[in-house]
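Chains as they are written, first to last, in the working numbering: chain A, 62 to 273; chain B, 62 to 273; chain C, 451 to 767; chain D, 451 to 767.
Quick notes on the structure that follows.
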Amino acid sequence: MATKSDVLDFIRIYADKMAEHRQELTDYDQAIGDGDHGINMSRGFKAVIEKLPAVYEKNIDEILKTVGMILVSTVGGASGPLYGSAFMKAGAAVKGKGELSNEDIILAFDEAVGGIQFRGKAVEGEKTILDSMIPAIKAIKASIADGKSMAEALVDGEKAAWDGVEYTKTIIATKGRASYLGERSIGHQDPGATSMAYVFQAAKEVAEKVGC
Amino acid sequence: MATKSDVLDFIRIYADKMAEHRQELTDYDQAIGDGDHGINMSRGFKAVIEKLPAVYEKNIDEILKTVGMILVSTVGGASGPLYGSAFMKAGAAVKGKGELSNEDIILAFDEAVGGIQFRGKAVEGEKTILDSMIPAIKAIKASIADGKSMAEALVDGEKAAWDGVEYTKTIIATKGRASYLGERSIGHQDPGATSMAYVFQAAKEVAEKVGC
Amino acid sequence: MLEGIVLAHPEYVARLEGFDVLIRADKKINKVALVSGGGSGHEPAHGGFVGTGMLDAAVAGSVFTSPTPDQVLEAIKAVDTGQGVLLVIKNYTGDIMNFEMAAELAEAEGIEVATVVTNDDVAVEDSLYTTGRRGVAGTVFVHKIAGARAETGASLDEVKAIAQKVIANVRTMGVALKPCTVPAVGKPGFELSEDEMELGIGIHGEPGIERKPLQTADEIVDYLMKRILNDIEFQVGDEVAAMINGAGATPPMELYILNRRVSQILAGKGIRVFKTFVGNYMTSIDMAGASITLLKLDDELKELLLAQADTVGFKMC
Amino acid sequence: MLEGIVLAHPEYVARLEGFDVLIRADKKINKVALVSGGGSGHEPAHGGFVGTGMLDAAVAGSVFTSPTPDQVLEAIKAVDTGQGVLLVIKNYTGDIMNFEMAAELAEAEGIEVATVVTNDDVAVEDSLYTTGRRGVAGTVFVHKIAGARAETGASLDEVKAIAQKVIANVRTMGVALKPCTVPAVGKPGFELSEDEMELGIGIHGEPGIERKPLQTADEIVDYLMKRILNDIEFQVGDEVAAMINGAGATPPMELYILNRRVSQILAGKGIRVFKTFVGNYMTSIDMAGASITLLKLDDELKELLLAQADTVGFKMC
Ligand SMILES: Nc1ncnc2c1ncn2[C@@H]1O[C@H](COP(=O)(O)OP(=O)(O)O)[C@@H](O)[C@H]1O
Ligand SMILES: Nc1ncnc2c1ncn2[C@@H]1O[C@H](COP(=O)(O)OP(=O)(O)O)[C@@H](O)[C@H]1O
Ligand SMILES: [Mg+2]
Ligand SMILES: [Mg+2]
Ligand SMILES: [Mg+2]
Ligand SMILES: [Mg+2]
Chain A
62 MATKSDVLDF
72 IRIYADKMAE
82 HRQELTDYDQ
92 AIGDGDHGIN
102 MSRGFKAVIE
112 KLPAVYEKNI
122 DEILKTVGMI
132 LVSTVGGASG
142 PLYGSAFMKA
152 GAAVKGKGEL
162 SNEDIILAFD
172 EAVGGIQFRG
182 KAVEGEKTIL
192 DSMIPAIKAI
202 KASIADGKSM
212 AEALVDGEKA
222 AWDGVEYTKT
232 IIATKGRASY
242 LGERSIGHQD
252 PGATSMAYVF
262 QAAKEVAEKV
272 GC
Chain B
62 MATKSDVLDF
72 IRIYADKMAE
82 HRQELTDYDQ
92 AIGDGDHGIN
102 MSRGFKAVIE
112 KLPAVYEKNI
122 DEILKTVGMI
132 LVSTVGGASG
142 PLYGSAFMKA
152 GAAVKGKGEL
162 SNEDIILAFD
172 EAVGGIQFRG
182 KAVEGEKTIL
192 DSMIPAIKAI
202 KASIADGKSM
212 AEALVDGEKA
222 AWDGVEYTKT
232 IIATKGRASY
242 LGERSIGHQD
252 PGATSMAYVF
262 QAAKEVAEKV
272 GC
Chain C
451 MLEGIVLAHP
461 EYVARLEGFD
471 VLIRADKKIN
481 KVALVSGGGS
491 GHEPAHGGFV
501 GTGMLDAAVA
511 GSVFTSPTPD
521 QVLEAIKAVD
531 TGQGVLLVIK
541 NYTGDIMNFE
551 MAAELAEAEG
561 IEVATVVTND
571 DVAVEDSLYT
581 TGRRGVAGTV
591 FVHKIAGARA
601 ETGASLDEVK
611 AIAQKVIANV
621 RTMGVALKPC
631 TVPAVGKPGF
641 ELSEDEMELG
651 IGIHGEPGIE
661 RKPLQTADEI
671 VDYLMKRILN
681 DIEFQVGDEV
691 AAMINGAGAT
701 PPMELYILNR
711 RVSQILAGKG
721 IRVFKTFVGN
731 YMTSIDMAGA
741 SITLLKLDDE
751 LKELLLAQAD
761 TVGFKMC
Chain D
451 MLEGIVLAHP
461 EYVARLEGFD
471 VLIRADKKIN
481 KVALVSGGGS
491 GHEPAHGGFV
501 GTGMLDAAVA
511 GSVFTSPTPD
521 QVLEAIKAVD
531 TGQGVLLVIK
541 NYTGDIMNFE
551 MAAELAEAEG
561 IEVATVVTND
571 DVAVEDSLYT
581 TGRRGVAGTV
591 FVHKIAGARA
601 ETGASLDEVK
611 AIAQKVIANV
621 RTMGVALKPC
631 TVPAVGKPGF
641 ELSEDEMELG
651 IGIHGEPGIE
661 RKPLQTADEI
671 VDYLMKRILN
681 DIEFQVGDEV
691 AAMINGAGAT
701 PPMELYILNR
711 RVSQILAGKG
721 IRVFKTFVGN
731 YMTSIDMAGA
741 SITLLKLDDE
751 LKELLLAQAD
761 TVGFKMC
């Protein structure tokens with residue numbers, strides 16, 4: 062169960078993480094991309110935080126949709142449309158909800174993946190955002206099915222996300238800028254998969270705090 | 062007294078010196094000019110040596126004139142027209158002579174100075190070729206007037222030339238590229254004055270060899 | 451940056467108030483409009499190609515970052531005259547997604563939009579399973595030729611078709627001798643020692659496909675040309691346009707030295723160089739390096755290539 | 451180098467067989483002919499300015515070394531049509547002496563020759579007792595405007611007069627952030643650490659007039675502009691052409707950043723920028739740096755500045 066205030070908390074915590082890990086994400090992107098992923102994500106979430114107060118009164122779905130639109134119009138690059146679509150689709154998935162049940166949360170994640178795949182046409186194993194996101198959601202679903210709480214499930218989810226990040230080191234990129242490197246992309250972790258792992262870390266921290 | 066073979070010797074020895082001191086002259090020119098004086102002079106005298114056999118049969122005046130013309134058409138920069146004019150005027154000064162008396166040699170030097178001044182419009186003390194050339198010729202004249210041999214006079218001449226080179230370190234350049242540096246030209250020796258000092262060194266070596 | 455170009459060349463370009471978009475100073479022209487763009491740092495691309503015979507608008511993102519859909523949408527709206535808009539997109543995941551979102555939004559507003567994707571960089575393997583090749587300096591020929599076609603009053607379909615024809619016939623490969631530094635990052639995108647070079651680089655400071663000890667200019671050209679000529683078939687008597695594009699910090703003298711060898715190789719294969727372009731067209735901030743582009747020509751492309759163009763960065767008198 | 455330009459642009463320039471001289475591809479034009487030149491390493495100067503509306507011939511010396519009189523003479527003979535030849539000489543002892551010798555030789559052969567000497571570099575004190583200022587990037591405006599005047603069929607006196615008018619009204623000053631290396635020498639003309647700059651540099655890799663710790667782009671422009679504006683009087687309402695010239699390894703982006711401040715300063719003084727030129731016009735091999743040139747305009751100069759020019763390195767459509 063997540064309230065609107067939990068969702069807002071999640072956004073704030075994630076925005077802080079993007080500011081904090083700006084250099085780290087940029088360094089990963091310099092190795093196999095064009096060295097701007099941290100700059101892009103922190104720019105986008107800085108704008109989100111600035112504009113968030115204007116939608117405080119709105120429903121969760123509107124808030125998520127607004128976050129998505131802000132990202133689309135401030136991030137640019139590949140991550141802008143991808144993260145933007147993810148948030149917009151997540152919002153659409155929970156239309157009209159005042160609070161989110163565990164099922165709502167899982168649906169929102171699934172729809173977010175759908176948004177990313179619609180835009181990016183990637184599947185797992187291509188060294189992208191999806192390589193931490195899809196395993197994380199799978200783990201969350203499994204834990205919830207095992208009767209764990211969302212807070213516990215998110216711990217498992219985050220772990221799976223970081224495993225996914227590790228996995229990206231072992232594979233060749235076939236989507237995004239890193240694909241231009243071919244074999245040379247092996248050995249490096251994917252910046253987008255990394256920023257996505259922080260999504261699950263932020264969600265876990267909120268869930269631990271409110272104890273849901 | 063200098064024979065045609067002495068004159069040819071002088072040219073060859075000087076050409077060797079220009080090849081040998083190419084880097085040194087270029088270094089001086091890098092400090093206060095555009096770093097090509099050694100390159101220019103060695104290129105010019107390499108061409109002289111290549112084309113010299115064609116005028117072996119000619120008179121001294123023709124040989125000197127030809128050297129001047131080769132320099133003008135291969136050196137470029139400031140030193141090309143200056144050294145070129147010097148050799149051409151020196152040649153004209155000894156028109157028709159089969160051998161050069163001491164008076165002829167002095168006249169040739171004087172005319173060479175005239176050629177350089179006609180082209181370059183400089184006077185002594187402007188940090189140019191003239192600052193080693195004019196004192197050297199003065200010293201030669203004085204020594205000959207004192208009854209010394211040309212070989213002895215050229216020793217004095219070379220010494221005066223190097224003193225002139227030293228003197229160029231103490232003055233501001235007002236002609237040539239070094240003049241753009243203003244005060245910053247002080248402390249550096251003039252490349253053109255230096256290449257001219259080697260003229261007297263070469264002449265001295267020939268005179269010593271033939272013992273005139 | 452945009453401000454810099456507008457300040458310098460108000461007779462060519464104007465800024466679309468409130469957006470990172472440059473449009474022609476003479477505003478809307480009654481014809482199919484061409485819109486392109488991408489990250490900043492490629493100057494004169496893309497704003498420098500706005501003007502007679504080339505683009506109608508250029509959209510600029512942050513340095514090396516695709517512009518966002520809202521910016522592209524405004525550019526489309528600013529230049530559309532009801533005859534449709536062609537988006538010329540370089541093949542990068544980010545550019546494609548952002549421009550496509552803009553196209554969807556514009557279509558929702560009733561504007562006819564077509565897109566083409568340039569992918570001239572032979573350094574990158576083209577395969578169904580990857581994102582394919584990058585769009586690099588060859589894009590300038592697409593701007594030039596599709597722009598000239600639009601100027602003749604052709605329809606959106608016709609303009610798109612000629613752009614596709616250029617894309618099918620243009621190939622590029624590049625080399626870097628010194629990487630570039632994105633100002634916001636403050637350190638180079640990759641490290642190269644004095645005696646190394648990076649082959650198959652893109653235009654965003656990304657590492658290339660291979661690092662080698664520095665070779666002579668001729669050897670470098672041999673390598674690049676081999677890759678290009680392996681990729682597209684030429685017959686004796688074929689004609690090409692060649693572009694020796696500077697990456698930013700490469701002086702004209704060095705580009706001409708590269709071109710010398712390019713000419714030799716083409717002459718050796720019986721390929722005629724119809725027109726050569728040497729200079730900074732699609733740069734990577736302050737990278738030292740260059741790319742070679744060949745465009746295979748037919749009579750139609752030749753005529754359009756020579757058609758008048760008057761922009762800051764590309765002029766055909 | 452010459453070969454490189456001819457290979458790349460045979461539609462613009464041809465080599466005078468056996469000489470380091472480029473002449474117009476369309477050969478002799480029945481008008482006063484313009485001949486310029488100097489050392490190599492300044493590309494696109496000077497061969498890149500041969501063509502319609504600018505030069506008829508350019509003579510190239512070794513890198514940074516004035517060409518020799520015999521070469522200049524051949525250029526003069528190749529382009530003279532009996533209406534006289536104007537030599538545009540940059541004020542360097544070497545250039546002046548070599549071009550003057552050529553002029554004397556040409557006159558001896560019955561060709562009418564006039565000379566002008568450009569000296570736009572305000573870094574250097576102009577005094578009766580020195581060689582005076584250097585000719586640098588402002589020379590390009592002399593080529594452009596005198597070239598346009600010649601194209602109208604003006605007499606040698608008239609072409610010389612307009613060249614003198616440009617020379618009287620053009621001022622330049624430059625800065626280097628990284629020195630250049632003459633290939634034959636193999637080491638830079640001066641040493642600069644990462645955080646130093648050299649102000650008042652020439653275009654031959656010579657040291658400048660002052661070395662300072664590196665400053666911001668705006669501060670550098672402030673300094674250069676102050677020197678220029680101190681040197682030539684401007685009234686509110688005056689109009690200028692501005693050239694932000696790259697030294698070779700300076701990317702367009704950085705030149706536009708400099709121009710931004712130039713525009714601000716001129717606007718602050720009520721001086722109108724009639725036309726701005728940004729790019730590599732008069733380079734110093736691979737030097738990183740730039741120069742700012744201002745040309746004070748009147749109606750006559752404006753018209754000639756905008757007249758058609760079609761050369762490799764300078765086009766006015
Ligand atoms: N088609 C795609 N699907 C999913 N994620 C992608 C795709 N293409 C790229 N990415 C992700 O985007 C990340 C790079 O984002 P960013 O650096 O912000 O954009 P850009 O590559 O345009 O500079 C990559 O690390 C990768 O995870
Ligand atoms: N007007 C002049 N009169 C005499 N000598 C001069 C004059 N101008 C320059 N020089 C000499 O020329 C030398 C430089 O020659 P060089 O480097 O070959 O030519 P450039 O200056 O054209 O590169 C200077 O060191 C100076 O001695
Ligand atoms: Mg990136
Ligand atoms: Mg010199
Ligand atoms: Mg990017
Ligand atoms: Mg020189």
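Here a beta-carbon is modelled for each residue, glycine too, at the ideal position from N, C-alpha and C.
Please read all numbers here as calculations on a predicted model, not as lab measurements.
Residue closest to residue i, alpha-carbon to alpha-carbon, out of the options
i, options, result
"C/ALA507", "C/ALA528, C/LEU756 and C/THR515", "C/ALA528"
"D/ILE651", "D/SER490, D/GLU644 and D/GLU660", "D/GLU660"
"C/GLY532", "C/MET551, C/GLU559, C/MET623 and C/GLU550", "C/GLU559"
"C/LYS610", "C/ARG474, C/LEU452 and C/LEU484", "C/LEU484"
"C/HIS492", "C/VAL712, C/GLY696 and C/PRO702", "C/GLY696"
"C/VAL522", "C/MET547, C/ASN541, C/THR502 and C/THR622", "C/MET547"
"D/PRO517", "D/ASP749, D/ILE539 and D/GLY454", "D/ILE539"
"A/MET102", "A/GLN178, A/ALA80, A/LYS270 and A/ALA115", "A/ALA80"
"D/GLY497", "D/LEU452, D/LEU457 and D/ASP530", "D/LEU452"
"D/ALA691", "D/LEU755, D/PHE684 and D/ALA556", "D/LEU755"
"B/GLY245", "B/LEU215, B/ALA151, B/HIS82 and B/ALA92", "Per the sequence shown, the amino acid found at residue 245 of chain B is Arg instead of Gly. Of the listed residues, the one whose Cα sits closest to B/ARG245 is B/ALA92."
"A/GLU187", "A/LEU168, A/ALA239 and A/GLY141", "A/ALA239"
Residue environment, residue i, which counts as buried when at least 16 other CB atoms sit within 10 Å
i, result
"C/THR568", "buried"
"D/LEU664", "exposed"
"D/THR666", "exposed"
"A/GLU160", "exposed"
"C/THR502", "buried"
"C/GLU524", "buried"
"D/VAL563", "buried"
Proximity of residue i and residue j at Cβ, strictly below 8 Å
i, j, result
"D/VAL433", "D/SER741", "Any property of residue 433 of chain D remains undetermined from this structure, which presents chain D solely from 451 to 767."
"D/THR761", "D/VAL500", "yes"
"A/GLY225", "A/ALA197", "yes"
"B/GLY254", "B/SER193", "Here residue 254 of chain B is Ala; the residue named in the question, Gly, does not match the sequence. Yes; because the gap between Cβ atoms is below 8 Å, this pair is in contact."
"D/ASP571", "D/GLY488", "no"
"A/LYS236", "A/GLY181", "yes"
"D/PRO701", "C/ILE735", "yes"
"D/PHE727", "D/MET693", "yes"
Residue i versus residue j: straight-line alpha-carbon distance, rounded
i, j, result
"C/VAL632", "C/ASP645", "22 Å"
"A/LEU132", "C/GLU550", "16 Å"
"C/GLU601", "C/MET504", "8 Å"
"B/ILE275", "C/GLY763", "For residue 275 of chain B there is no data in the structure shown, the boundaries of chain B being 62 and 273."
"B/ALA173", "D/PHE640", "33 Å"
"D/ALA598", "D/ARG621", "20 Å"
"B/ILE233", "D/GLU648", "20 Å"
"D/GLU575", "D/GLY582", "7 Å"
"D/ALA618", "D/ILE682", "9 Å"
Who's in the neighbourhood of ligand 5, going by beta-carbon under 6 Å from any heavy atom, listed in chain order?
The set of residues with any CB-heavy atom separation to ligand 5 below 6 Å comprises, in chain order, A/ASP95, A/ASP97, A/GLY138, C/PHE514, C/THR515 and C/GLY544.
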